[in-house]
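*Asks:* For the sequence shown, the numbering used here assigns the number 4 to the initial residue and increments by one for each residue that follows. Just so it is clear, CB atoms sit at the ideal spot from N, CA and C, and this is done for glycine as well.
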Amino acid sequence: MSSKSLPTPAQVLAKFYEAETIYMAAAPKERDIAGMASCLSEDFRLYQSPDLPYGGTYEGRSGFKKWSDDMASYFDRLEVIDPQVFEKSGSDSVVVSSTLKLRVRKNGVELVGPLLQAMKVDREKGLLTEIRPFYWNVKGLNEAVQK
Numbered sequence: 004m005s006s007k008s009l010p011t012p013a014q015v016l017a018k019f020y021e022a023e024t025i026y027m028a029a030a031p032k033e034r035d036i037a038g039m040a041s042c043l044s045e046d047f048r049l050y051q052s053p054d055l056p057y058g059g060t061y062e063g064r065s066g067f068k069k070w071s072d073d074m075a076s077y078f079d080r081l082e083v084i085d086p087q088v089f090e091k092s093g094s095d096s097v098v099v100s101s102t103l104k105l106r107v108r109k110n111g112v113e114l115v116g117p118l119l120q121a122m123k124v125d126r127e128k129g130l131l132t133e134i135r136p137f138y139w140n141v142k143g144l145n146e147a148v149q150k
């Protein structure tokens, strides 16, 4: 496959966001992570800050599912607002700047703040290989979930 026909990182990410939108719109008991998982490489890595209650490295599609379950145990609402995607031509990386809105499951506290995500893709396979989110107020998040 020539480099001109390879998807850009933003195009790979758009496919993932489409699957994520479908997942989040479904009733909790009807959510199927398969759509999002199909956008992830087998060697996918999600690196969450060790300072978060769900911090650590999540590996592969099963790791992504575990992270999703971990997040759902803390938050009953998650919304990524106005994602702005930045990429360099020919690169396998993309940076997304957005606003993250969360609602804490056990007390209803709403958190809103900037979120940056550094992502990598396998352009030949059209799959995400890595996500590294950077949260604005980790201390406030931990206080809200009472970590």
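Report the residue ranges of all beta strand (DSSP E) runs contained in full by the region 31-82; include only those spanning at least 3 residues, in chain order.
*Replies:* With a minimum length of 3 residues, the continuous beta strand (DSSP E) runs that stay inside the region 31-82 are 43-51 and 59-62.
*Asks:* Taking DSSP's pairing of strands, which residues face Leu-130 in a bridge?
*Replies:* In the sequence shown, the residue the question calls residue 130 occupies position 127. Bridge partners of Leu-130: Asp-125.
*Asks:* Tell me whether the beta-carbon of Gly-66 lies closer than 8 Å to the beta-carbon of Leu-49.
*Replies:* The residue labelled residue 66 in the question sits at position 63 within the sequence shown. The residue labelled residue 49 in the question sits at position 46 within the sequence shown. It is a contact, given that the beta carbons lie within the stated cut-off.
*Asks:* With distances taken Cα to Cα, identify the nearest neighbour of Tyr-138 among Leu-130, Leu-119 and Asp-125.
*Replies:* Here the question's residue 138 lines up with position 135 in the sequence shown. The shortest C-alpha separation from Tyr-138 is found at Leu-119.
*Asks:* Please report how far the alpha carbon of Arg-80 lies from the alpha carbon of Tyr-57, in whole angstroms.
*Replies:* Walking along the sequence shown from the start, residue 80 turns up at place 77. Walking along the sequence shown from the start, residue 57 turns up at place 54. Using only the alpha carbons, I get a separation of about 16 Å.
*Asks:* Note the first and the last residue of the continuous alpha helix (DSSP H) segment covering Val-15.
*Replies:* Locating residue 15 in the sequence shown gives position 12, counting from the first residue. Note, Val-15: alpha helix (DSSP H), 12-28.
*Asks:* For the alpha helix (DSSP H) containing Leu-144, list its first residue and its last residue.
*Replies:* Position 141 of the sequence shown, counted from the first residue, corresponds to residue 144. Run containing Leu-144: 141-148, per the alpha helix (DSSP H) assignment.
*Asks:* Taking the alpha-carbon of Val-141 as reference, which of Ile-36, Leu-103 and Pro-12 has the nearest alpha-carbon?
*Replies:* Position 138 of the sequence shown, counting from 1, holds the residue named residue 141. Comparing Cα positions, the closest option is Leu-103.
*Asks:* Suppose the cutoff is 8 Å on Cβ atoms and the five residues either side in sequence are ignored; what does the same chain contact list for Glu-90 look like?
*Replies:* Indexing the sequence shown from 1 puts residue 90 at position 87. So the qualifying residues of the chain are Thr-11, Pro-12, Ala-13, Ser-96, Val-97 and Val-98.
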